[in-house]
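Each residue of the sequence shown is one higher than the one before, starting from 211 at the first, in my numbering. Don't be surprised by glycine CBs; every beta carbon is placed ideally from N, CA and C. This report refers to the structure that appears directly beneath it.
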Amino acid sequence: AILEAEIGRQEYLFHQAVEKADYKLAAGSIKEILAKAEKLYKMRPLSRAYWYALWNFAYISVSTETEPENFLTTIKAFEDKVANELKINSEEQKTSLLYNIEKQYILYYSKNGNKPEERKHVEQAYQYAEKLNLLNPARFVLEIISAQASYIDMLLELSEHDKALKAAIDLEALYTMQGVWGFQDLRTENSIGTAMVCGGLYELGVEHLEKVKKDREKHLKQKPNDVDMMGSITTTYNNLSLGYGKLKKYAKALEVQKKAYEIIKTLYPHNKAQLGTNYLLMTLNTSIAYYQNSNNAEALKFLQEAENIANELKELNQLFSSYPLVVRFAKGDLLAKLSQPGSEELLKTGLEYKSGTLPNDAVLLYLI
211 AILEAEIGRQ EYLFHQAVEK ADYKLAAGSI KEILAKAEKL YKMRPLSRAY
261 WYALWNFAYI SVSTETEPEN FLTTIKAFED KVANELKINS EEQKTSLLYN
311 IEKQYILYYS KNGNKPEERK HVEQAYQYAE KLNLLNPARF VLEIISAQAS
361 YIDMLLELSE HDKALKAAID LEALYTMQGV WGFQDLRTEN SIGTAMVCGG
411 LYELGVEHLE KVKKDREKHL KQKPNDVDMM GSITTTYNNL SLGYGKLKKY
461 AKALEVQKKA YEIIKTLYPH NKAQLGTNYL LMTLNTSIAY YQNSNNAEAL
511 KFLQEAENIA NELKELNQLF SSYPLVVRFA KGDLLAKLSQ PGSEELLKTG
561 LEYKSGTLPN DAVLLYLI
């Protein structure tokens, strides 16, 4: 009883610290909780296993902010403990924990700009969500929706547009059913709309994305310094621009693409590894939008900026070593369209590239 009371006090301090984004203080509270929770767990390992695991997971969630250098070691040890040591008899609880572990991996690799590793864990989270869907779909419906949205985004990154569209249509049915009860998730709606645009349902996709844009703009009017929402709305603008371009509404496509570019440019210095890929792609897409509006000078100007970004990212991390080739190939394509010299050599660089020669080459393969 004394241990439980002490845990209750520390739990209150933990939640207070998290609300204030004081992760160092939160980590201190969690460590004290874990020491006491472990004693209670050892007294009653069968009834306390899941409860003890949840506190371990809370510590891992905080450690992504306080001890990122130890994150992979810590989470791998916990993952092994959940899979092999803790006596969690409920398959639902065990699968739910493993699903949430994958979500933490995704967050970690996203912050570090490691798309290949991030995609591996998106795939694994999706598999755990599919298992939860078999075990108890009503209880885990929000996890299932989130995992399916991330899976769609992954398919789009890999240019598997037909599979993404099919998954989006299935997800829309599930999401609409939850909407009856008032559930709304703009990220899910954004994923569905983008998959529809990329899958050829241009008007329907644009309709979805316009709704997301409106709601995200409304949120930013109320909270203009919400950095996460600023990052999210850039993807909406970017994908909406793609849709308008497919509908040959080029002026509108340029209008929203410029908004995406302007916001991502301001965000980029705060986390170059995480935001660099989007900054590069949105700059390239701005070049395309200017070309579609017959402004070739601006199109070339943005290509040059994209080249500078790609070179900076390559110096930052070898994960981005394929990005200068991405720009060379895009530049060759534009020069060919403008009947300017130098296009053949630039295009040849891309066409002779062998898949897998460089890490993180999904964007380059898509362009080729």
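*Would you call the region 521-531 and the region 539-553 touching, i.e. three or more CB-CB distances under 8 Å?*
Too few Cβ pairs lie closer than 8 Å, so no.
*Sequence-distant residues of the same chain with beta carbon closer than 6 Å to residue 460, five excluded per side*: Same-chain partners within the cutoff: 502 and 503.
*So, helix, strand or coil for residue 511, using DSSP?*
Residue 511 carries a helical assignment under DSSP once its states are collapsed to helix, strand and coil.
*Throw me the rounded Cβ distance for the residue 270 and residue 285 pair, which I believe falls under 8 Å.*
Contact between residue 270 and residue 285 holds, with the beta-carbon distance rounding to 5 Å and staying under 8 Å.
*Should residue 225 be labelled buried (16 or more other beta-carbon atoms within 10 Å of its own) or exposed?*
Flag for residue 225 reads exposed.
*Could you tell me which of 462, 315 and 479 sits nearest to residue 522, measuring between CA atoms?*
When each option's Cα is compared against that of residue 522, the closest is 479.
*For residue 476, is the classification buried or exposed, using 16 other Cβ atoms within 10 angstroms of its Cβ as the cut-off for buried?*
So residue 476 ends up on the exposed side.
_Any contact between the region 482-499 and the region 527-546? By contact I mean 3 or more CB pairs, one from each, below 8 Å._
Contact annotation: the region 482-499 touches the region 527-546, with at least three C-beta pairs closer than 8 Å.
*Buried or exposed: where does residue 364 fall if 16 or more other Cβ atoms within 10 Å of its Cβ makes it buried?*
Residue 364 comes out buried.
*Could you tell me whether the Cβ atoms of residue 559 and residue 538 are closer together than 8 Å?*
Yes.
*Three or more C-beta pairs below 8 Å linking the region 325-341 and the region 373-391*: Verdict: no, contact absent.
*How big is the Cα-Cα spacing for residue 278 and residue 545?*
Annotation: residue 278 to residue 545 spans about 44 Å, alpha carbon to alpha carbon.
*Shortest alpha-carbon distance to residue 356 belongs to which of 373, 374 and 332?*
Closest by alpha carbon: 332.
*If you draw a straight line from the alpha carbon of residue 259 to that of residue 229, how long is it in whole angstroms?*
In a straight line, the C-alpha of residue 259 is about 27 Å away from that of residue 229.
*asked:* I need the DSSP call for residue 578, collapsed to helix, strand or coil.
replied: Reduced to three states, the DSSP call for residue 578 is coil.
*What's the gap between the Cα of residue 326 and the Cα of residue 492?*
Residue 326 and residue 492: Cα-Cα distance of roughly 20 Å.
*residue 400: buried (16+ other C-beta within 10 angstroms of its C-beta) or exposed?*
It is buried - the Cβ of residue 400 has at least 16 other Cβ atoms within 10 Å.
_Does residue 298 come out as helix, strand or coil in the three-state DSSP assignment?_
Here residue 298 carries a coil assignment [DSSP, helix/strand/coil].
*Return the CA-CA distance between residue 393 and residue 371, expressed in angstroms with no decimal places.*
Straight-line Cα distance between these residues: approximately 27 Å.
*For residue 550, name the three-state secondary structure that DSSP assigns.*
The answer is coil: DSSP assigns residue 550 none of H, G, I, E or B.
*With a Cβ-Cβ cutoff of 8 Å, do residue 470 and residue 448 count as a contact?*
Against a cut-off of 8 Å, the Cβ pair of residue 448 and residue 470 comes out as a contact.
*Please confirm whether residue 415 and residue 404 have their CB atoms less than 8 Å apart.*
Inclusion of residue 415 and residue 404 in the CB contact set at 8 Å is warranted, their separation being smaller than that value.
_Candidates 248, 272, 253 and 213, of which the one nearest residue 238 by Cα_ = Looking at the Cα atoms, 272 is the closest of the given residues.
*Name the residue from 574, 246 and 549 whose alpha carbon lies nearest to the alpha carbon of residue 561.*
Comparing C-alpha distances from residue 561 to each of 574, 246 and 549 shows the shortest one belongs to 574.
*asked:* Need the endpoints of the alpha helix (DSSP H) that residue 272 sits in, please.
replied: Where residue 272 is concerned, the enclosing alpha helix (DSSP H) stretches over 255-276.
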